[in-house]
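J.: There's a structure below that I have some questions on.
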Amino acid sequence: MTDFATRTSATTRFESQRFTDFPTIVESIKSGRLQATFMIAPLAMKLREQGVPVKILYLGHRDGSTVMVQKDSTAKSLRDLRGKIFAIPSKYSNQNLVINKLMEDQGVKPDEIRFVEMPPPDMPGALAAKAIDAYFIGEPHAARAELDGSGRVLYHAKDIWPRFISCVLVATEKLIKERPAMVKDLVRGIAESGEWAETHRLEAARVAAPYFRQDEKVVRYVLTQPPDRVSYRMLTPTDEDLQQIHDMALKAGILGKPIEMKDLIDRSFIPADIKPAAINVN
Amino acid sequence: MFRSSAIRWIIGVIVVIAVLGLLRYKPWQRGAQQTAGMADEAREKLNVGFLPVT
């Protein structure tokens, strides 16, 4: 996405900076070393609540998160995971909020499942080693367990919460104010390459695999099994979408006070007409 | 011209070495790469953070 934004920007070279955990991303934003990043939606809200001047500009994708259990588990619902260890990427993740909502819906009490926070790349290995019984994470870390035979899908996020949001594109107000053209190029590049990925899934897997440092086979599986496992359309963050996450975060005690959506979201950089990027992978 | 076969041989070897050198170092591509590199360097850079997870 950033490579395409770079190729189509006359003024800016966008470089993807890979992180392995969200706390480091937060520290980089707070220190000013990083001015634009993808991060989990409730964490962006938490930063805003803490007075860190960031705004949500766009969504990274929709759906694309999965609840995995061990291959030999007999669990058919969350109720069957009572007394088990369940890994989530962060308490500030939407995965945590959705699981809490599902527990409530299924009559599972908060203390009946033991939640642990774990960096996403470590989850498939922990499941295979039986250090955890289940996890809820964005792809490709669920597909990895499916493909290596150690895990099976209990729920796809889209089955629990259609058009599920996990990661959002966040930028500092300083960048937005001082470099609006740069921000516009970035959002346009992400929007157009997402539109391309939606209709060129096999080619997108080839392009994305090195960035994820994953076997192309895993990324291809994520983008095709099933084809709606992850979506790169409808990426404009609506007030309703984020208000729902916000309200759940307040209820869960992740947010201490309400945030106005107008202070959190800036949709002014999203192109009116999103055309698929002209990406040639050959 | 070049009545001496030795001179013809020497000139032939020089021409072959020159052609091989051109093919090896591709000076026409280096010029283009330097121009592209300079254009790239002239642009502002923005790091965009991400975690390899969808």
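Residue numbers (our numbering), protein chains in the order written: chain A, 353 to 634; chain B, 9 to 62.
Built from N, CA and C at the ideal position, the CB exists for glycine as well.
Everything numeric in this text was worked out from a predicted model, so none of it was measured.
#1: Can you tell me which residues form a DSSP beta bridge with lysine 53 (chain B)?
#2: Could one say the Cβ of arginine 51 (chain B) lies closer than 8 angstroms to chain A's Cβ atoms, at least one of them?
#3: Within the same chain, show all residues whose beta-carbon is closer than 7 angstroms to that of isoleucine 626 (chain A), passing over the 5 residues directly before and after it, in chain order.
#4: With a threshold of 8 angstroms, are at least 3 pairs of Cβ atoms found where one atom belongs to the stretch 557-576 of chain A and the other to the stretch 447-461 of chain A?
#5: Classify arginine 504 (chain A) as helix, strand or coil using the three-state DSSP reduction.
#6: Run down chain B in chain order and give the residues with a C-beta less than 8 angstroms from the C-beta of glutamine 369 (chain A).
#7: With DSSP collapsed to three states, give me the class of methionine 600 (chain A).
#8: Using a 10 Å radius around the Cβ and a threshold of 16 neighbouring Cβ atoms, would you call aspartate 485 (chain A) buried or exposed?
#9: Pairing CB atoms from the stretch 397-416 of chain A with CB atoms from the stretch 588-608 of chain A, are three or more of them under 8 angstroms?
#10: Taking 8 angstroms as the threshold (beta carbon to beta carbon), is alanine 388 (chain A) in contact with chain B?
#11: Pick from A:Phe366, A:Met613, A:Phe438, A:Lys482: whose alpha carbon is nearest that of alanine 50 (chain B)?
#12: Based on Cα-Cα distance, which residue from A:Ser368, A:Thr358, A:Pro473, A:Gly416 lies nearest to glutamine 577 (chain A)?
#13: Does DSSP put glycine 490 (chain A) in a helix, a strand or coil?
#14: Would you say the stretch 465-476 of chain A touches the stretch 513-528 of chain A, given that touching needs at least three Cβ pairs under 8 angstroms?
#15: Closer than 8 angstroms, CB to CB, is leucine 538 (chain A) near chain B or not?
#16: Applying a beta-carbon distance threshold of less than 9 angstroms, which residues of chain B neighbour isoleucine 377 (chain A)?
#17: Return the Cβ separation of lysine 382 (chain A) and isoleucine 528 (chain A) in integer angstroms, given the expectation that the two are a contact with Cβ distance under 8 angstroms.
#18: Measuring alpha carbon to alpha carbon, tell me which of A:Lys423, A:Arg370, A:Tyr584, A:Glu592 ends up nearest alanine 497 (chain A).
#19: At what residue ranges does the stretch 418-485 of chain A contain a whole run of the beta strand (DSSP E), taking only runs of 3 or more?
#20: Name the chain B residues whose beta carbon is nearer than 9 angstroms to that of tyrosine 563 (chain A)?
#21: Thinking just about the alpha-carbon of each residue, which of A:Ala357, A:Gln369, A:Leu395, A:Thr551 is nearest to the one in leucine 602 (chain A)?
#22: Below 8 angstroms on C-beta distance, what does methionine 534 (chain A) contact in chain B?
#23: Can you say whether isoleucine 440 (chain A) is buried or exposed, counting buried as having 16 or more other CB atoms within 10 angstroms of its CB?
#24: Tell me which residue opens and which closes the alpha helix (DSSP H) that methionine 613 (chain A) is part of.
#25: Please compile the residues from chain B whose C-beta is within a distance smaller than 7 angstroms of the C-beta of arginine 496 (chain A).
#26: With 16 as the cutoff for other CB atoms within 10 Å, does tyrosine 33 (chain B) come out buried or exposed?
#27: Tell me where the beta strand (DSSP E) around isoleucine 19 (chain B) begins and ends.
#28: Alpha carbon to alpha carbon, what distance is there between arginine 16 (chain B) and valine 635 (chain A)?
#29: In angstroms, rounded to a whole number, what distance separates the CA positions of glutamate 469 (chain A) and lysine 569 (chain A)?
#30: Which one of A:Leu409, A:Met397, A:Glu592, A:Arg434 has the shortest CA to CA distance from arginine 515 (chain A)?
#31: Less than 8 angstroms between the C-beta atoms of glycine 57 (chain B) and threonine 389 (chain A), yes or no?
#32: Can you check DSSP and say which residues form a bridge with valine 582 (chain A)?
#33: Could you check whether the Cβ of threonine 363 (chain A) sits closer than 8 angstroms to any Cβ belonging to chain B?
#34: Does the beta carbon of proline 589 (chain A) sit closer than 8 angstroms to a beta carbon anywhere in chain B?
#35: Report the neighbours of phenylalanine 621 (chain A) on chain B: residues whose CB is nearer than 7 angstroms to its CB, in chain order.
T.: This is what the structure holds:
#1: According to DSSP, lysine 53 (chain B) bridges with A:Arg365.
#2: Cβ-Cβ to chain A under 8 angstroms: yes for arginine 51 (chain B).
#3: The answer, listed in chain order, is Ala543, Glu544, Glu547.
#4: Not touching, per the Cβ criterion.
#5: Three-state DSSP puts arginine 504 (chain A) in a strand.
#6: For the C-beta of glutamine 369 (chain A), the chain B residues within less than 8 angstroms are, from N- to C-terminus, Asn55, Val56, Gly57, Phe58.
#7: In this structure, methionine 600 (chain A) counts as helix in the three-state DSSP scheme.
#8: Flag for aspartate 485 (chain A) reads buried.
#9: As far as the Cβ criterion goes, the stretch 397-416 of chain A touches the stretch 588-608 of chain A, which means the pair count is three or higher.
#10: Interface residue, yes.
#11: Cα-wise, what sits closest to alanine 50 (chain B) is A:Phe366.
#12: Minimum Cα distance to glutamine 577 (chain A) is reached at A:Gly416.
#13: Here glycine 490 (chain A) sits in strand by DSSP.
#14: Counting Cβ pairs under 8 angstroms, fewer than three are found: no touch.
#15: It does; some Cβ of chain B falls within 8 angstroms.
#16: Ordered by position in chain B, the residues that pass the 9 angstroms Cβ test against isoleucine 377 (chain A) are Gly57, Phe58, Leu59.
#17: Actually they are not in contact, since the Cβ atoms of lysine 382 (chain A) and isoleucine 528 (chain A) sit about 17 angstroms apart, beyond 8 angstroms.
#18: Among A:Lys423, A:Arg370, A:Tyr584, A:Glu592, the Cα nearest to that of alanine 497 (chain A) is on A:Lys423.
#19: Runs found: 437-440, 466-469.
#20: In chain order: Phe58, Pro60.
#21: The option with the nearest alpha carbon to leucine 602 (chain A) is A:Leu395.
#22: Ordered by position in chain B, the residues that pass the 8 angstroms Cβ test against methionine 534 (chain A) are Glu52, Leu54.
#23: By the neighbour-count rule (16 or more Cβ atoms within 10 Å), isoleucine 440 (chain A) is buried.
#24: DSSP places methionine 613 (chain A) in the uninterrupted alpha helix (DSSP H) bounded by 613-616.
#25: Result: empty, since nearest Cβ-Cβ is about 11 angstroms, beyond 7 angstroms.
#26: Around the beta carbon of tyrosine 33 (chain B), fewer than 16 other beta carbons sit within 10 angstroms, so the residue counts as exposed.
#27: Isoleucine 19 (chain B) -> not in any beta strand (DSSP E); alpha helix (DSSP H) instead, spanning 13-33.
#28: This structure cannot speak to residue 635 (chain A), because chain A is shown only from 353 to 634.
#29: Put simply, the backbone Cα of glutamate 469 (chain A) is about 27 angstroms away from that of lysine 569 (chain A).
#30: Taking arginine 515 (chain A) as reference, the option from A:Leu409, A:Met397, A:Glu592, A:Arg434 with the minimal CA-CA separation is A:Glu592.
#31: The Cβ atoms of glycine 57 (chain B) and threonine 389 (chain A) sit closer than 8 angstroms to each other.
#32: In DSSP, valine 582 (chain A) forms a bridge with A:Asp415.
#33: Interface criterion met: the Cβ of threonine 363 (chain A) is under 8 angstroms from a Cβ in chain B.
#34: No - not a single Cβ of chain B is within 8 angstroms of the one on proline 589 (chain A).
#35: By Cβ distance, chain B contributes nothing, its closest Cβ being about 13 angstroms from phenylalanine 621 (chain A), past 7 angstroms.
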